[in-house]
Amino acid sequence: MSRDRFIAGGIFALGLAVVGGYGISQFATPVMAQAEDGPGPNLVIEVAGSTSGQIVIDMLPDVAPKHVEQITALAAEGAYDGVVFHRVIDGFMAQTGDVAYGKADGDTTMAGMGGSSRPDLPAEFSGLSFERGVVGMARSQSPDSANSQFFIMFAPGEFLNGQYTVVGRVISGMEVVDAIKKGDGGNGEVSDPDRMERVTVAE
Numbered sequence: 004m005s006r007d008r009f010i011a012g013g014i015f016a017l018g019l020a021v022v023g024g025y026g027i028s029q030f031a032t033p034v035m036a037q038a039e040d041g042p043g044p045n046l047v048i049e050v051a052g053s054t055s056g057q058i059v060i061d062m063l064p065d066v067a068p069k070h071v072e073q074i075t076a077l078a079a080e081g082a083y084d085g086v087v088f089h090r091v092i093d094g095f096m097a098q099t100g101d102v103a104y105g106k107a108d109g110d111t112t113m114a115g116m117g118g119s120s121r122p123d124l125p126a127e128f129s130g131l132s133f134e135r136g137v138v139g140m141a142r143s144q145s146p147d148s149a150n151s152q153f154f155i156m157f158a159p160g161e162f163l164n165g166q167y168t169v170v171g172r173v174i175s176g177m178e179v180v181d182a183i184k185k186g187d188g189g190n191g192e193v194s195d196p197d198r199m200e201r202v203t204v205a206e
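Going by our numbering, the sequence shown opens with residue 4, and the numbers climb by one from there.
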């Protein structure tokens, strides 16, 4: 079985364009009001490459405690520093977090196939909806295979609800998310991708 961590949208019609098996809305996305900062730790991402700026994600340990613990631990040890946004689909989501194969200063041809030295996690599905700015965990075919990769939604994707673990929401820097370099491959693969230059945790 492929270890590729992905977000599978299936085939959708009625105003949706199918690109590489993903449902991509053709309609304009309304501007999202910045979400309020909750009690959880914040993941602070400094983006570099074709665009630059800061993204702040309010993590949700009350919703997905194991996933939040893993992500914040990886960030605290610097594991996410220099990791590229290897799959970015306009109108859908930007995916990053492959600690094993996604470092910008290395060979990123296998980016999306790896995780970290930490174990995969059991799913922590919730009733939260995948709206614009929501952050979810990428996984392979097994629901219990999320590890280090995550994605940020450009637009609502309710078809992901109950299938992928929600770990946070963007509370600042959504304009930076929107500017991340988009993929030109059939599956959203990005040539010369933007990267997370530095990722830290703010309590």
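Just so you know, even glycine gets a beta-carbon here, dropped at the ideal spot from N, CA and C.
Leaving aside the five residues before and after His70 along the sequence, list all residues of the same chain whose C-beta is less than 8 Å from its C-beta, in chain order. Leu124, Glu127, Met140, Ala149, Thr168 and Val170
Pick from Ile155, Gly117 and Ser145: whose alpha carbon is nearest that of Ser132? Closest option to Ser132, judged by alpha-carbon separation, among Ile155, Gly117 and Ser145: Ile155.
Along the chain, where does the alpha helix (DSSP H) containing Glu72 start, and where does it finish? Element bounds for Glu72: Pro68 to Ala79.
DSSP on Phe3, reduced to helix/strand/coil? No statement about residue 3 is possible, as the shown extent of the chain runs from 4 to 206 and does not include it.
When you compare only the Cα positions, how much space is there between Arg198 and Phe88? 6 Å
Rounded separation between Ala209 and Leu77 - CA only: This structure does not reach residue 209, given that the chain is present from 4 up to 206, and the question cannot be answered.
Alpha carbon to alpha carbon, how far is Asp110 from Pro196? Give it in angstroms, no decimals. For Pro196 and Asp110, the gap between their C-alpha atoms comes out near 12 Å.
For the alpha helix (DSSP H) holding Met177, just list the boundary residues, first then last. Met177 to Ala182
Decide if the region 48 to 66 is in contact with the region 159 to 166; the criterion is three or more beta carbon pairs, one per stretch, under 8 Å apart. no
What does DSSP give as the partner residues of Asn190 in its beta bridges? None, per the DSSP bridge assignment.
Rounded distance between the beta-carbons of Val91 and Gly176, thought under 8 Å: About 16 Å; that fails the 8 Å criterion.
Chain C within 8 Å of Gly105, Cβ atoms only: No chain C appears in this structure, which consists of one protein chain only.
Buried or exposed for Val202, going by 16 or more other Cβ atoms inside 10 Å? buried
Using the Cβ count rule (16 or more neighbours within 10 Å means buried), how would you classify Ser145? exposed
From what residue to what residue does the beta strand (DSSP E) around Leu46 run? Asn45 to Ala51
For Val180 and Gly165, what's the separation of their Cα atoms in angstroms? So the two alpha carbons sit approximately 24 Å from each other.
Beta-carbon separation of Ile48 and Val138 under 8 Å? no
Test item: CB-CB of Ala82 and Ser119 under 8 Å: yes
Candidates Met116, Gly105, Phe153 and Met96, of which the one nearest Ala182 by Cα: Met96
Rounded to whole angstroms, what's the CA-CA distance from Ser5 to Gln98? Just pull it up for me. Since pLDDT at Ser5 reaches only 35, below the 50 mark, its modelled position is unreliable, and no value is offered.
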